[in-house]
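Residue 112 is where the sequence shown starts when you use this note's numbering, and the numbers rise one by one after that. Notes follow once the structure below has been shown.
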Amino acid sequence: MTKMQQVLELAHNVGAIRAKDAEAKGIHRDYLKRLEQQGLLIRSARGIYTSTLAEITESHSLVEAVKRVPHGVICLLSALSFYELTTQAPFEVWLAIPQKARAPKEDILPLRIVYMSGKALESGIEEYEIEGVRVPVYCPAKTVVDCFKFRNKIGLDVALEALRECLKERRCTIDEIWHYAKICRMQNVMRPYLESLG
């Protein structure tokens, strides 16, 4: 099997391939560029290529985002959309990254970065396998709390819709939401809304 075939097979199997991944397998990144020029790979972000034959799911942009920002966690509107808990269709991928991390300079893949730290960053992460890639996404209860925390960025109406949908669809309990409200110091903001629903 030629290096070109190896790259194509790898890209087809995992959906999105980083130049680093190819180099780790002893394949120079020039092969990726050549395959892109031949129309067999698409450069979807800096250093990330997707096979034109790959089975691309609607969550493909989440795969590209975590390949691009390995320490990021899918959050807010992207997490709500992933769980089908919103009518919003975000055109950017919302990612939480550590407070001190530098946001990636991105031109192709539209990212919306929010900064978190400590337990607010580390709690409530679930991992899903999408196109063969492990994608970290905040659980529904943590996502709802984050929506209230970042209500100035996404709108209170979106946060309230997320809360109602999450409870209606039985994706989590009020107790689980309260658990994350305490971690994110959102008790005072969320108490009246939770009491009205409880």
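Built from N, CA and C at the ideal position, the CB exists for glycine as well. Because the structure is a prediction, the values reported are computed rather than measured.
- Task: Over the uninterrupted beta strand (DSSP E) stretch that includes residue 129, give me the two end residues.
- Result: Mapped onto the sequence shown, residue 129 falls at position 18. Counting along the chain, the beta strand (DSSP E) containing residue 129 begins and ends at 127-129.
- Can you give me the Cβ contacts of residue 138 inside the same chain, cut-off strictly under 7 Å, excluding the 5 residues immediately before and after it? Residue numbering aside, residue 138 sits at position 27 when the sequence shown is read from its first letter. Excluding positions up to five away in sequence, the list reads 114, 117 and 118.
- Query: Hey, how far is the Cα of residue 162 from the Cα of residue 293?
  - Reply: As a working mapping, residue 162 is identified with position 51 in the sequence shown. As a working mapping, residue 293 is identified with position 182 in the sequence shown. Rounded to the nearest angstrom, the two C-alpha atoms are 43 Å apart.
- Query: How about residue 180 and residue 153: do their beta carbons lie closer than 9 Å?
  - Reply: The residue given as residue 180 occupies position 69 in the sequence shown. The residue given as residue 153 occupies position 42 in the sequence shown. No, the Cβ-Cβ distance between residue 180 and residue 153 is not below 9 Å.
- Task: Taking all protein chains shown into account, decide if residue 249 is buried (16 or more other Cβ within 10 angstroms of its Cβ) or exposed.
- Result: Here residue 249 corresponds to residue number 138 of the sequence shown, with the count starting at 1. Buried is the call here.
- Candidates 279, 302, 300 and 196, of which the one nearest residue 254 by Cα: As a working note, residue 254 is residue 143 in the sequence shown. Considering only alpha carbons, the answer is 196.
- residue 223 by DSSP, collapsed to three states: which one? Start at 1 with the first residue of the sequence shown, and residue 223 comes out as number 112. Residue 223 falls in the strand class under three-state DSSP.
- residue 160 versus residue 206: straight-line alpha-carbon distance, rounded: As a working mapping, residue 160 is identified with position 49 in the sequence shown. As a working mapping, residue 206 is identified with position 95 in the sequence shown. So the two alpha carbons sit approximately 20 Å from each other.
- Task: Answer yes or no: do residue 203 and residue 215 have a C-beta to C-beta separation smaller than 9 Å?
- Result: As a first step, residue 203 is located in the sequence shown; it is residue number 92 there, counting from the start. As a first step, residue 215 is located in the sequence shown; it is residue number 104 there, counting from the start. Taking 9 Å as the cut-off, the beta carbon of residue 203 is found no closer than this to the beta carbon of residue 215.
- Message: Per the DSSP calculation, residue 161 is bridged to which residue(s)?
- Response: In the sequence shown, the residue the question calls residue 161 occupies position 50. Per DSSP, 127 and 153.
- Task: Can you give me the start and stop residues for the beta strand (DSSP E) that residue 209 sits inside?
- Result: For this step, residue 209 is matched to residue 98 along the sequence shown. Counting along the chain, the beta strand (DSSP E) containing residue 209 begins and ends at 204-209.
- Message: Between the alpha carbons of residue 127 and residue 238, how many angstroms are there, rounded?
- Response: Along the sequence shown, one-based indexing puts residue 127 at 16. Along the sequence shown, one-based indexing puts residue 238 at 127. Those two C-alpha atoms are separated by around 17 Å.
- Could you give the residue range of the beta strand (DSSP E) that holds residue 241? As a working note, residue 241 is residue 130 in the sequence shown. Note, residue 241: beta strand (DSSP E), 236-241.
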